[in-house]
Amino acid sequence: MNSSLKLNLSLAALLALAACGKSETPSAPKTESKSESKSAAAPAPTAVSTVKIGIAAPLTGPQAHIGTDIKNGTQLAVDDANAKGIEIAGKKVQLQLIAEDDQADPKTATVVAQKLVDAKVVGVVGHFNSGASIPTSKIYFDAGIPQISPGSTNPKYTQQGFKTAFRVVANDLQQGKVLGEYAVKKLAAKNVAIIDDRTSYGQGLADEVEKAVKASGANVVAREFTTDKATDFAAILTNIKGKKPDVLVFSGIDPQAGPMAKQMKSLGINAKFLGGDGWQTPNFIKLAGSDAEGAMASIPGLPKDRMPGGKEFLERFKAKYGVEVELFAPFGYDSVNVLIDSMQRAGSAD
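At position 345 of the sequence shown the residue is numbered 740 (this note's numbering), and the sequence of numbers has no breaks.
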């Protein structure tokens, strides 16, 4: 990738969230002048080049609903762009989406990243998990391929010095501070318990929440951890119950947050349940059932229906896929538009 494309990508990334729902008015076709000879041979049809964009996310396993949500958002963006027609440096191109399943696993993610490099994609939307985005970012950097994550919030992802790594969501320095301050200043918590899932995302966000809670004048009475595979939290929650927290913060994903909410209620823990964007999904409500009542989680940007073009996007997404947006599909959509805008600004897909 040339230096101008890198520069334009960084500029476009600043405006990524404004891309959702925008469209351009096609210009009128050029008509033949009367002075032109009618006998002149018609020009040969312009060849259309295929430009490949990769999408890497968990498409199987407990987080498949989130990965599929992102993939569907990126596919919708590709379909919209192809229907509108794209030109790069005056040449027509057709976008092709190459999807790979990283299973929310760091090791699998590195294999997937190399597959996308070998497939000669011009850019990658991914990965979702910070634990996948961080190790793959060097692979994409070495190959000169821009990587735009629609969901990785760990600050380390973009602090490694790789100029090909971008995100279109807030990072955990921002999210953790807001969550910690909200627990103390809005929920009036004096004592806070924190659980993380020991992933790069979960642990990183929990660290920032802990800092913000303490800076706001409250106590962290328990700091526990589980895994992103666990569903039984009885031992951890029993220990926390004895600490009598006012708020329990879980930093992880919805496959754990749902069962945790149910087990909190069954153990009689009356603390308010608070968490990050990893479980701000319809799937959390499905898993927690009525025990989701009163739980609160942050979101990585504007509420979906308040995004520019958000309501129309939600309607078109539901019409196309038959399901509601989980959370990150709009950010996958925007990531594709950032890549398109960057290629057009640079006048190159190389």
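Here a beta-carbon is modelled for each residue, glycine too, at the ideal position from N, C-alpha and C.
The structure displayed is predicted, hence computed values, not measured ones.
Span separating the alpha-carbon of residue i from that of residue j
| i | j | result |
| --- | --- | --- |
| residue 472 | residue 729 | 8 Å |
| residue 656 | residue 573 | 21 Å |
| residue 671 | residue 644 | 8 Å |
| residue 712 | residue 721 | 11 Å |
| residue 542 | residue 665 | 42 Å |
| residue 608 | residue 453 | 32 Å |
| residue 461 | residue 723 | 7 Å |
| residue 743 | residue 631 | 53 Å |
| residue 587 | residue 619 | 12 Å |
| residue 353 | residue 719 | Only positions 396 to 745 of the chain appear in this structure, which leaves residue 353 out of reach. |
| residue 612 | residue 594 | 27 Å |
| residue 733 | residue 685 | 39 Å |
| residue 627 | residue 564 | 31 Å |
| residue 476 | residue 469 | 11 Å |
| residue 508 | residue 544 | 13 Å |
| residue 658 | residue 635 | 12 Å |
| residue 698 | residue 674 | 14 Å |
| residue 745 | residue 568 | 34 Å |
| residue 687 | residue 606 | 26 Å |
| residue 560 | residue 739 | 19 Å |
| residue 692 | residue 589 | 14 Å |
| residue 633 | residue 622 | 17 Å |
| residue 555 | residue 681 | 37 Å |
| residue 746 | residue 451 | Past the boundaries of the shown model lies residue 746; the chain is included only from 396 to 745, so the question cannot be answered. |
| residue 700 | residue 694 | 12 Å |
Local Cβ density within 10 Å of residue i, reported as buried at 16 or more and exposed below that
| i | result |
| --- | --- |
| residue 714 | exposed |
| residue 583 | exposed |
| residue 418 | In this predicted model, residue 418 has a pLDDT of only 34, less than 50, meaning its place in the structure is not dependable; the value taken from the coordinates is given anyway. Under this definition residue 418 is an exposed residue. |
| residue 717 | exposed |
| residue 443 | exposed |
| residue 706 | exposed |
| residue 601 | buried |
| residue 549 | buried |
| residue 566 | buried |
| residue 504 | buried |
| residue 531 | buried |
| residue 629 | exposed |
| residue 449 | buried |
| residue 676 | buried |
| residue 463 | buried |
| residue 575 | buried |
Opposing strand residues paired with residue i [DSSP bridges]
| i | result |
| --- | --- |
| residue 444 | 488 |
| residue 614 | 586 |
| residue 452 | 496 |
| residue 691 | 669 |
| residue 628 | Per DSSP, none; premise fails for residue 628. |
| residue 642 | 587, 667 |
| residue 482 | 487 |
| residue 719 | None; residue 719 has no bridge partner. |
| residue 516 | Answer is none; residue 516 lacks a bridge partner. |
| residue 754 | The displayed coordinates of the chain run from 396 to 745. Any statement about residue 754 would go beyond what the structure contains. |
| residue 727 | According to DSSP, which records beta bridges pairwise, residue 727 is partnered with nothing at all. |
| residue 521 | 451 |
Pair within 9 Å by beta-carbon distance, residue i and residue j
| i | j | result |
| --- | --- | --- |
| residue 546 | residue 523 | yes |
| residue 604 | residue 638 | no |
| residue 487 | residue 481 | yes |
| residue 737 | residue 518 | yes |
| residue 501 | residue 483 | no |
| residue 562 | residue 577 | no |
| residue 690 | residue 652 | yes |
| residue 661 | residue 596 | no |
| residue 696 | residue 650 | no |
| residue 521 | residue 514 | no |
| residue 648 | residue 458 | yes |
| residue 490 | residue 533 | no |
| residue 372 | residue 642 | Residue 372 is absent from the model: the chain starts at 396 and stops at 745. |
| residue 466 | residue 727 | yes |
| residue 495 | residue 479 | no |
| residue 625 | residue 591 | no |
| residue 683 | residue 654 | yes |
| residue 581 | residue 614 | no |
| residue 535 | residue 512 | yes |
| residue 766 | residue 599 | This structure does not reach residue 766, given that the chain is present from 396 up to 745, and the question cannot be answered. |
Within the region 527 to 592, ranges of the alpha helix (DSSP H) (whole runs, at least 4 residues): 567 to 576
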